[in-house]
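Residue numbers for the sequence shown follow numbering that gives the first Met the number 0, beginning at 0 and rising by one.
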Amino acid sequence: MNVPAWIWEATIAGFAAIFIFDFFSHVRKPHAPTLRESALWSVFYITLAAIFGVGLWMIWGHDRGVEYFAGFITEKSLSVDNLFVFAIIMAKFAVPRIYQQKALLIGIIMALIMRGIFIAVGAAAINQFSWVFYIFGLFLLYTAFKLAIESAQHKESGDDEFEPNALVKFAQRHLPVTDQFHEQRLLARENGKRVLTPLFLVILTLGVTDLLFALDSIPAIYGLTQEPYIVFTANAFALLGLLQLYFLLGGLLDRLVYLGFGLSLILGFIGVKLVMHAMVENTLPFINDGQPLEWVPHISTVLSLLVIVGILLITTVASLLKTRHDRQADRPIDTNG
Numbered sequence: 000m001n002v003p004a005w006i007w008e009a010t011i012a013g014f015a016a017i018f019i020f021d022f023f024s025h026v027r028k029p030h031a032p033t034l035r036e037s038a039l040w041s042v043f044y045i046t047l048a049a050i051f052g053v054g055l056w057m058i059w060g061h062d063r064g065v066e067y068f069a070g071f072i073t074e075k076s077l078s079v080d081n082l083f084v085f086a087i088i089m090a091k092f093a094v095p096r097i098y099q100q101k102a103l104l105i106g107i108i109m110a111l112i113m114r115g116i117f118i119a120v121g122a123a124a125i126n127q128f129s130w131v132f133y134i135f136g137l138f139l140l141y142t143a144f145k146l147a148i149e150s151a152q153h154k155e156s157g158d159d160e161f162e163p164n165a166l167v168k169f170a171q172r173h174l175p176v177t178d179q180f181h182e183q184r185l186l187a188r189e190n191g192k193r194v195l196t197p198l199f200l201v202i203l204t205l206g207v208t209d210l211l212f213a214l215d216s217i218p219a220i221y222g223l224t225q226e227p228y229i230v231f232t233a234n235a236f237a238l239l240g241l242l243q244l245y246f247l248l249g250g251l252l253d254r255l256v257y258l259g260f261g262l263s264l265i266l267g268f269i270g271v272k273l274v275m276h277a278m279v280e281n282t283l284p285f286i287n288d289g290q291p292l293e294w295v296p297h298i299s300t301v302l303s304l305l306v307i308v309g310i311l312l313i314t315t316v317a318s319l320l321k322t323r324h325d326r327q328a329d330r331p332i333d334t335n336g
């Protein structure tokens with residue numbers, strides 16, 4: 000799909016305008032969003048993503064439309080899983096609820112910029128070296144296994160552990176950082192000296208965390224489509240509304256106990272799909288003498304979309320049933336009746 004430069008420019012400008020609107024309408028005035036406000040804006044952004052997908056479907060055809068929706072659903076699901084970590088970070092730094100929106104929005108913008116860079120690098124690598132799909136596929140299989148293990152350990156222990164990364168530890172040790180929040184400011188003045196506020200550290204932590212998340216999400220969506228434009232727009236729309244979704248889900252995150260397992264299955268499935276794709280286009284001399292393996296079956300994007308949606312539905316229903324069962328089991332028995 001050859002996308003003209005002006006469409007890329009218009010698309011990037013459109014997303015920039017939406018994020019600017021998001022900042023002035025939600026972040027400029029510190030407040031804790033209500034459930035109704037978060038729900039309405041979440042529906043708005045998801046509807047906007049769906050309308051864009053339908054338009055892309057009508058203009059570029061069925062295959063590209065399915066690729067977009069498969070990519071969007073996958074990236075949105077991975078973004079929801081990221082909210083678990085965001086909630087732990089907010090709790091670790093004790094960020095007041097009314098200041099969380101600014102930190103989250105800046106973190107989301109940083110994530111989109113970093114993913115844009117990763118998308119460009121991934122596209123260049125794919126165009127130059129077909130064996131990159133082997134690396135993407137094996138990396139996703141490793142990530143899926145690791146996520147499944149971590150989900151099992153978390154389910155057993157119930158602990159929400161968060162260890163600041165090396166960059167954040169360096170900032171805490173070597174930069175003038177205060178323990179006091181100064182409203183939404185990242186820099187403040189205490190005793191005549193310029194200091195960094197905890198909100199600065201939170202944004203730094205979110206940015207580095209988003210960078211690690213991108214290492215999983217970009218290979219995953221390249222397993223569903225090799226069109227950079229679709230990869231970028233699916234990622235951008237998945238990140239749009241993540242701020243409102245964070246406040247909307249709230250306590251519901253704790254009820255999605257099997258989400259980690261579901262996402263590990265999705266990543267594993269896409270990893271297998273990538274390896275199979277690499278085998279079909281094989282050029283590595285030590286595999287089948289550098290010739291494609293034509294006997295390897297092709298997994299269509301439609302089948303991928305059905306598998307992803309199916310796993311998410313089963314995971315969500317199973318999680319809610321498990322949580323309901325646990326709450327009923329913990330409920331005290333009335334012995335007077």
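Ideal Cβ placement from N, Cα and C applies to all residues, glycine included.
- Boundaries for residue 254: no beta strand (DSSP E) harbours it, and the DSSP string shows neither H nor E there.
- Inter-residue distance for residue 71 and residue 237 is about 6 Å (C-alpha atoms, whole angstroms).
- Going by DSSP, residue 194 is part of no alpha helix (DSSP H) but of the beta strand (DSSP E) stretching over 192-195.
- Residue range 99-127 is occupied by the alpha helix (DSSP H) that includes residue 114.
- According to DSSP, residue 9 shares a beta bridge with no other residue.
- If you draw a straight line from the Cα of residue 105 to the Cα of residue 202, it is about 7 Å long.
- Taking the C-beta atoms as reference points, residue 179 is found nearer than 9 Å to residue 196.
- With distances taken between CA atoms, residue 221 lies nearest to 268 out of 186, 191, 247, 268.
- Secondary structure of residue 4 (DSSP, three-state): helix.
- The stretch 110-124 makes contact with the stretch 212-232, as at least three CB pairs between them are under 8 Å.
- Only residues of its own chain outside the window of five on either side were considered, and among them 29, 30, 31 have a CB closer than 6 Å to the CB of residue 97, listed in chain order.
- Residue 36 carries a helical assignment under DSSP once its states are collapsed to helix, strand and coil.
- For the pair residue 92 and residue 290, the Cα-to-Cα distance works out to about 54 Å.
- Residue nearest to residue 200 within the set 111, 7, 88 is 88 (criterion: CA-CA distance).
- In this structure, DSSP gives residue 323 a helical state, which the three-state scheme calls helix.
- Going by DSSP, residue 239 is part of no beta strand (DSSP E) at all; its letter is neither H nor E.
- DSSP places residue 184 in the coil class of the three-state scheme, outside both helix and strand.
- Non-local C-beta neighbours of residue 306 in its own chain, meaning closer than 7 Å and more than five positions away in sequence, comprise 268, ordered along the chain.
- For residue 91, the enclosing alpha helix (DSSP H) begins and ends at 61-91.
- Secondary structure of residue 189 (DSSP, three-state): strand.
- Here residue 94 carries a coil assignment [DSSP, helix/strand/coil].
- Between residue 314 and residue 255, the CB-CB gap stays under 9 Å.
- Distances from the alpha-carbon of residue 113 to those of 132, 144, 16, 215 put 215 closest.
- Residue pairing from DSSP leaves residue 306 without any beta-bridge partner.
- Within its own chain, the residues whose Cβ lies closer than 8 Å to the Cβ of residue 274, once the five positions on either side in sequence are excluded, are 132, 133, 136, 137, 140, listed in chain order.
- If you draw a straight line from the Cα of residue 259 to the Cα of residue 150, it comes to about 5 Å.
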